[in-house]
Structure formats: structure tokens, C-alpha cells
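Please read the structure below before turning to the comments.
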Amino acid sequence: MKLLFAASECVPFVKTGGLADVAGSLPDRILAHLGGAPKKKKTGRAKERKARPEAPQVLTVLPKYSSTRLTRLSLELLPGRMLIPVGAELEEALVWRLAGKKPAGTRGSHTVYFIDNEKYFDREGLYGTAQGDYPDNDERFIFYSRAALELCKFVDFTPDLIHCHDWQTGFIPAYLKTLYRTDAFFNRTASLFTIHNVAYQGLFPRERFPLTGLDWADFTPDKLEYFNQVCFMKAGLVYADKLSTVSPSYAREIQSGPEFGRGMEGLLKDRSKDLSGILNGLDRAEWDPAHDPRILAGYSLKSKDVFSARQKCKKDLQAAVRLPEDPSVPLIGMVSRLDPQKGFDRVVKVLPQVLNEGNGTQCVILGSGQKDIEDSLRALAVRCPGQVRVETGFQNDLAHKIYAGSDFFFMPSQFEPCGLGQMIAMRYGSVPIVTPTGGLLDTITPWDPKAGTGTGFVALEMTDAAVKTALKAALKTARDPAAMRKLVRNCMSRDFSWDSPAEKYIRLYESTLQKVRG
74 MKLLFAASEC VPFVKTGGLA DVAGSLPDRI LAHLGGAPKK KKTGRAKERK ARPEAPQVLT
134 VLPKYSSTRL TRLSLELLPG RMLIPVGAEL EEALVWRLAG KKPAGTRGSH TVYFIDNEKY
194 FDREGLYGTA QGDYPDNDER FIFYSRAALE LCKFVDFTPD LIHCHDWQTG FIPAYLKTLY
254 RTDAFFNRTA SLFTIHNVAY QGLFPRERFP LTGLDWADFT PDKLEYFNQV CFMKAGLVYA
314 DKLSTVSPSY AREIQSGPEF GRGMEGLLKD RSKDLSGILN GLDRAEWDPA HDPRILAGYS
374 LKSKDVFSAR QKCKKDLQAA VRLPEDPSVP LIGMVSRLDP QKGFDRVVKV LPQVLNEGNG
434 TQCVILGSGQ KDIEDSLRAL AVRCPGQVRV ETGFQNDLAH KIYAGSDFFF MPSQFEPCGL
494 GQMIAMRYGS VPIVTPTGGL LDTITPWDPK AGTGTGFVAL EMTDAAVKTA LKAALKTARD
554 PAAMRKLVRN CMSRDFSWDS PAEKYIRLYE STLQKVRG
């Protein structure tokens, strides 16, 4: 199988959100599963190997932003250039190649290509600055989408399937069904479009539509027009052969109504047979408490005493953020984008009520994003001195310390397509306290103290009162060492590796190809 992954960001090169984690981890796991040693089957008394299929080939194509981390990487500038149509103009694209390392014991290859154009990608941010999004993001990602397809010809790679991620790649499936419909190079190429967050739709004025190179006949409500705007997300939803999103619950939610579907619910419901929900996985090498150089004491389920190690990590976290060093008090952690989606209005209202009940509970919040949310959190810290610390900006070392040193991990999201924070927290033994939405529902089982089962505390409904009740239940459990030990072990026993998601995506690729090719 030949696969092309198209994404606007990807670890370890550049990241603003969870999309980058998926784009950085999934291709290698797909390659490992497709290119693993073939299974043996019995034929009489002898065991014979099944014939090996063609070795898989995986390509990832990314914009080459000025902020892309490429230090110490051996990049090769390919000879020649591509000329990419954007409206009535031709824009130059240079192509850089990075040969990837394939997983041990596998066949096949994974190569990363970067599309280079200073006009579009030599900027301070990926999508904008603190002042707002770049007004020409439509033009930038029209260029990228056309360049991703032209790259296939440039390097003579005919993909069986193109896996597109979020609105920035939405026009790739559209182009395959329109401008490239009669192009023999792509006549057997299928497309899968993954929704990481349907709230980010890539909406632009109708006057910008000619930049796409498409005919005005395609600018209709059943295709690319959305309330007289060009909608990149809708392009992917309409034209991709199949759709996926990042958890089964979110797949149901975004069809249920405008609260979750953000205007796309009707289209998604119409395509429900083509929509799958597959949970993301976790980079277990990056997030490994047994071998994490950023935390004071390493530990795993095999350790003699997980809990004494976590107590050391808690004191280290308290010292790092200048909180009173007392491992006996409950400590709640948050690592999050400062965005209304993440439920910070609830944090500001509910958390002080719990903190003021006299149990000494502490809270450490790390995040970056909206200034008004940051200001409200800093005001909360002033109201709760010695109990709340707020840190902003990208601080990877501190993030690791929070996961290892907190007793509980708080995610009161308004909606959560998948969520990685709760998975990381459980891997480190920090017990999640969450709202009942999206991937949080799919990854956390409510704690049952009688049975000793469960991995966290899930609010019964999306209200302040229900979230407060969940917080209080967690803090009550913190006073029971035996229950906490059981909860921590339950959490750390969960497997959030990429292996199961990779297998599900491979089956989805195969069914997509079957739909296209028959």
C-alpha cells in the first residue's frame, strides 16, 4: 500500500495542537503494521510463509515553516521546482526531502517532504499571531493542497490513498474529484478526511473563491458554499471518499446538533455510513514515567513503590512552582490550551468553591492561549494564595512534572474530540476529573469504590454543580490511601499505545479503497 499523509503540522518538526501528535506518530505505526513480518500458516505438517505483499511506502508532506525544527537533520533539496496554480498566478514551490527511520523489523519506507515557499510559510506563526489569523490563510493552504498533489508527480509516487487532516487539507479531496478527476495519475487514488476539531472550519469570503481554481458551479450549498463563504472543512466532508474523527463519542456528537456539529451536523448525518470514530494513541516513548528525564523519580507499575516515587515528584512540582511543599495535600493539575473549549469559565467558578473548603488542596495550571482566560486565572491565583499557581507559555519540563506530581488531572471541557491530556495523566498515575463529552467518555471509566474499578471521576452532566460534585468526590477519595493506590494502578494499567488505532486505520484504508475500486 502507498499512503500519503497530508497535515499542516507534525511532531517533532512543528506543533500547535494534538493534530501534530497524530501526524507524527500514526504514519510509523501504520508502516510497522503493514510492513511487519508476514504471518505463518499451517499447510499439512509444514509451516509455510505467506507470500509477502508489496512493501508499504508512506509519505508525509508538510509546509516548511520558518519555525520548523530541522536542526541536525539531513535535509536534501530536490533539483528543480514545482509551479503551483493559485488563482490566476503560478507560485513556486521547492521540495525538501528527509528520509525517515522505519520501525525496527519492518519493510517499507517512510519519507517526509517539506513544501518550501517563503511568501506563504516564512512567518512568525503557523496560522497567525497574537493579533489574529493571517487573512490569506485560504491562499496559503490552497497552495499547500495543490502542491501536495503535484508533489506526488514530482517524486513519481502514485498514492493508493491520501489521508488528509483537518480544514487546512480539505481541498485535497475536492481537487481529486474536480481538477484531477480525469488525471490518469490519480485515477485509483482514494481519500480519507479526518476531523480533529469541527469547530475550526477554514471560512473565507466568497470573493476569495477564484483562488481555488474551481468553477463557480462548485460554489453551491451542496458543495463548497457555506452561508456565502468558502468552507475548507466542508470541502473535505463533501468530497472525501470516507471520513473519520478522533473518538467514537465525538463521531456521534458532531451529528447530533449545532452545539457539537457547528453547522456541519446535517452533512455529517447524511454521511454517517462513511464516518468512523477512532481514538488517537499516545507516544509512549515521549510519555514514559519509567524513563522520563524531566521528572525527579522514575516509576512504573513494576516499581517497588510507585507511590513514594510520585510523592517525590509532587514535592518537586510544588518546589518548582513555589507552592508549600506538603505531599499530604491533594494536588490538582491542568495542562491545557487556554481556550473557551477547555471549560475555563467553569474552572474559575467552581475551583475556588472547592479550594475554600479548608482541606489545603493545591492546583497548578499550565497553558497558553487567550489573554482574557489567562487574566482570569491569574486573578484566581491571587484569590487563593498558597493554593493556586498559574504558569503560561510552552514549558515542556513543567508539563511532565505536573503529570507526574499531581494527584488529579482536571479537564472540564465543553467538548473534547479526543483529548491527549487525560491519556498522559493516566499513564503517569494522575487520576482524571472530567466532563462527559467526546474522547473523555471513551477513555475514562467512572470510579466505583465498592468494586474498586474505574479510572477517574466523570461529571454526570455538563453543569457547574455536576463538575463540583465530581471534584468533591475525587478529593474525598484522596483521603483514602488504599482507594487512591487502586485508582492509580487502574489508570497506569490502561494501554493507549498507537497499535490498536493503527490497526483500525488500516481496516478503514482498506474499506475506503474497496469503495473506490470495487
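In terms of our numbering, the sequence shown is residues 74 to 591.
All C-beta atoms in this analysis are idealised placements derived from N, C-alpha and C, irrespective of residue type, glycine included.
6 Å Cβ shell around residue i - same chain, five flanking residues per side excluded
i	result
Asp448	none
Ala272	Arg335
Pro485	Gly416, Arg419, Thr508 and Val540
Val463	Ile438, Leu450, Arg451 and Ala454
Rounded separation between residue i and residue j - CA only
i	j	result
Glu127	Ala324	33 Å
Leu369	Val379	13 Å
Pro519	Gly371	27 Å
Thr202	Gly459	34 Å
Ser584	Ile188	30 Å
Asn190	Glu534	48 Å
Ser98	Glu430	43 Å
Ala358	Asp101	13 Å
Gly442	Gly309	27 Å
Pro413	Ala257	46 Å
Ser329	Glu338	6 Å
Arg170	Ala220	14 Å
Tyr200	Lys250	27 Å
Ser322	Val168	39 Å
Phe488	Leu439	19 Å
Ala313	Asp233	14 Å
Arg456	Ala547	23 Å
Gly492	Tyr253	35 Å
Gly502	Arg367	16 Å
Arg500	Ser566	8 Å
Val134	Phe78	6 Å
Ala532	Thr542	7 Å
Pro574	Thr255	34 Å
Ala392	Lys385	11 Å
Leu92	Trp240	11 Å
Leu148	Val228	15 Å
Asn210	Ala161	17 Å
Gly433	Arg552	12 Å
Ile405	Pro278	44 Å
Per-residue burial, residue i [other beta carbons within 10 Å of its own, 16 or more giving buried]
i	result
Arg213	buried
Arg261	exposed
Gln426	exposed
Pro152	exposed
Asn563	buried
Gln130	buried
Pro85	exposed
Leu560	buried
Thr285	buried
Ala290	exposed
Thr318	buried
Gly117	Because Gly117 carries a pLDDT of 46, less than 50, the predicted location of this residue cannot be relied on, and no value is offered for it.
CA nearest to the CA of residue i, picked from the options
i	options	result
Asp94	Ile438, Ile497 and Tyr299	Ile497
Gly525	Asp537, Pro509 and Pro554	Pro554
Asn270	Leu316, Pro294 and Val228	Leu316
Asp470	Gly502, Gln495, Val408 and Gly442	Val408
Ala601	Glu165, Arg180, Glu164 and Thr184	The structure shown has nothing for residue 601, since the chain only spans 74 to 591.
Leu276	Gly286, Thr293 and Phe300	Phe300
Ser376	Cys386, Ala363 and Arg367	Ala363
Thr89	Phe467, Leu544, Ala472 and Tyr582	Phe467
Ile517	Thr528, Thr510 and Lys523	Thr528
Glu398	Lys388, Gly406 and Ile405	Lys388
Phe482	Ile506, Lys474 and Thr465	Ile506
Ala670	Arg451, Asp288, Lys422 and Met565	Outside the shown range of the chain, which is 74 to 591, sits residue 670, and nothing can be said about it.
Glu576	Leu143, Ser182 and Gly354	Gly354
Thr267	Ser349, Gln495, Gln587 and Pro278	Ser349
Thr536	Lys296, Thr510, Leu352 and Arg344	Thr510
Val394	Ser345, Ser373, Gly433 and Gly478	Gly478
Leu352	Lys444, Ser570, Leu146 and Leu396	Ser570
Glu82	Gly198, Asp343, Asp361 and Arg410	Gly198
Ser58	Glu165, Asp521, Tyr476 and Leu76	Because the chain is modelled from 74 through 591, residue 58 falls outside the range shown and cannot be assessed.
Beta-carbon contacts of residue i that lie in its chain and below 7 Å, excluding the five residues immediately before and after
i	result
Ile579	Ile103, His106 and Leu107
Ser218	Thr242, Phe244, Ile245 and Tyr248
Ile215	Val159, Phe244, Leu284 and Thr285
Gln495	Phe482, Met484, Pro505, Val507, Leu513, Thr516 and Ile517
Closer than 8 Å to chain D by CB, residue i
i	result
Gly527	Note that chain D does not occur in the displayed structure, where there is just one protein chain.
Beta-carbon contacts of residue i that lie in its chain and below 8 Å, excluding the five residues immediately before and after
i	result
Arg196	Tyr138, Ser139 and Tyr207
Phe333	Val271, Tyr323, Glu326, Ile327 and Phe488
### Query
Taking only runs of the beta strand (DSSP E) that begin and end inside the region 218-258, which ones reach a length of at least 3 residues, in chain order?
For the region 218-258, whole beta strand (DSSP E) runs of length 3 or above, ordered along the chain, are 234-238.
#### Entry: Minimum length 3: unbroken beta strand (DSSP E) runs contained in the region 121-152
Qualifying beta strand (DSSP E) stretches, in chain order: 130-136.
### Task
Please go through the region 414-459 and give each complete beta strand (DSSP E) segment of 3 or more residues, from N-terminal end onward.
Listed in chain order, the complete beta strand (DSSP E) runs (minimum 3 residues) inside the region 414-459 are 435-442.
### Task
Within the region 328-353, note down every full alpha helix (DSSP H) run reaching 4 residues or more, in order along the chain.
Counting only runs of 4 or more, we get 331-334 and 338-343.
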